[in-house]
Structures are given as structure tokens and as C-alpha cells.
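Each residue of the sequence shown is one higher than the one before, starting from 11 at the first, in this note's numbering.
Even glycine gets a Cβ: it sits at the ideal position worked out from N, Cα and C.
It should be emphasised that the depicted structure is a prediction, and the values quoted were computed from it without experimental measurement.
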Amino acid sequence: MEGIPGQTARRPSALDRMRQDPGAILGFIIVAAAILTAFLAPWLPLNDPTDLNLDNRLLPPSAEFLLGTDHLGRDELSRIIFGARFTLLMAGSTVAIIMLIALVVGSLSGYYGGWIDISLMLVVDLLLAFPSLILGVAVAGILGPSLINVMIAVSIVWWASHARVIRGMVLAARQREYVEAARAIGASDRRIVVFHISRNILGPFVVLATLDMGWIILGIAGLSFLGLGAQPPTPEWGAML
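See below:
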């Protein structure tokens, strides 16, 4: 049936597109269930993840310990679920910090150009010249072992590549007609960057942040595995390895 003349078809929303993709629905259900289980862990019928019992060490999976126990007799399933709370909270907070730094640096560099662009991109190139894991180990080692220091270390070494990507998006956006129109009516630089450019690069920005979650979890887990993150008996994925 043809549409009514003079009316344009409604653009399908993200929810509409997801409903048409069974794989997306299944993936959303799995991720939502995992996150919900992690944050409801204190109210679930689980064993204490820090409870030591050497009589139960290295037990195989059973009705009492569904995934067995570790070398100190602690329930592996409880430690995985409680560890997810720490890991997801740390990763989410770290991604937010990284993207905020990258957005500020990339926007300033791409919008103003000149010596500001050169100076900020010099810092970015300097950080990108070092392997991120090695630089993260160095920063975390200087700050000392703790969850907060690991978040700071990962944030310091991870924002640079995103700042360069955002700079490219801002360089392209500042040539658009809506930016020229905002300048013509006397809008300030801050208003143009915040209310015009940033809003129009939000889509790729969210994609970058989403893709980063997995890598940030691996980075935090790697530093915790080296003894620079969560300290015993905190149940954290990297420290459990």
C-alpha cells in the first residue's frame, strides 16, 4: 500500500531493527542476564566467595560447588559471579573516564587546530609509541597495587587512540553547514562544540565506547594477574587466574 502523499516513511528505530534480528535479541538477553546476575550476587543463594576451607580445596564440580573449589577451598562459581561485579564496575568506570578524556582532547585538537592541535597530537603520538600493556604496568607499578590505581593506569594509557579518532570526526564535522550556520548567528565555540559537533558524533562515539569494554576488561584483568590490581581475598577475574 502506498504511503500518503506529502508524508515521509518513519525511520525504523534501533529497537525496531533489533526486533527483526533474532541474533541481536539472543545476544541482548545473554548480556542482560549476565549483568543482572552479577549485580544481584549478594542476594543470590551463593557461598561466601572469600570463605576459606582447606578441607574443601580443589574439589570437582558437585551439587554444593557447581564449578568446584580453588586451592584454598573457595567456591569458584561464587568468586566468578562476585568477581563480575568488580570487573564490570571497574571496566565501565574506566571506559567513561577514557572517553571523557578522549572527547575533550579530540574536540579541542580538531576544532581549534594550530599549535593546540600540534601540542595535543604530540602527546598522543608519544603515548601510542609505547605498548599499552607495558606502559600500564609501569604506571600501575609507580602508583602501587589497588583497584583504583589500575583504573587510573589503564585510563592514562588507553585514551590516546580514541582522541585521534574523535579529532578526525571533529575535523570533518566542523566543515558542515550546521556549524557554519551556528557561527553565523554568533554561537560561541563552546556551544558549537558541545551542542552541535559533539551531538552529531555521538553515534560513532558510543560504538567506540562499547567496543572498548572487552579490551578494558582484559587490560584490568592482566594487571590484576600481575599483582597490581585487586588484592586477596577480593574476588576479581584477573586475580583469580
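Review point. Who are Thr79's beta bridge partners in DSSP?
Key: In DSSP, Thr79 forms a bridge with Asp85.
Review point. What do you reckon, are the CB atoms on Ser117 and Ser208 nearer than 8 Å?
Key: Yes. Within cutoff.
Practice item. Since I believe Ile111 is in contact with Ser254 (beta carbons under 8 Å), could you give me their beta-carbon distance rounded to a whole number of angstroms? Key: Any question about residue 254 goes unanswered here, given that the chain covers just 11 to 251.
Check your understanding: Helix, strand or coil: how does DSSP classify Asn66 here?
Key -> Residue state, collapsed to three classes: helix.
Check your understanding: Along the chain, where does the alpha helix (DSSP H) that runs through Asp135 open and close?
Key -> Under the DSSP assignment, Asp135 falls in the alpha helix (DSSP H) whose first and last residues are Gly124 to Leu138.
Point to revise | Continuous alpha helix (DSSP H) stretch holding Ile39: start and end | key: Pro32 to Phe49 is the span of the alpha helix (DSSP H), which, as asked, contains Ile39.
Practice item. Decide if Leu46 is buried, meaning its Cβ has at least 16 other Cβ atoms within 10 Å, or exposed. Key: Counting other Cβ atoms within 10 Å of its Cβ, Leu46 stays below 16 and is therefore classed as exposed.
**Study point:** Neighbour flag for Arg193 against chain E, beta carbons, 8 Å
**Key:** Among the protein chains of the structure shown there is no chain E, as only one such chain exists.
Exercise for review: Assign Tyr121 to one of two classes, buried (16 or more other C-beta atoms within 10 Å of its C-beta) or exposed (fewer than that).
Suggested key: Around the C-beta of Tyr121, 16 or more other C-beta atoms lie within 10 Å, and the residue is accordingly described as buried.
Point to revise | Trp169 beta carbon less than 8 Å from that of Ser255 | key: Residue numbering for the chain in the displayed model covers 11 to 251; residue 255 lies beyond these limits and cannot be assessed.
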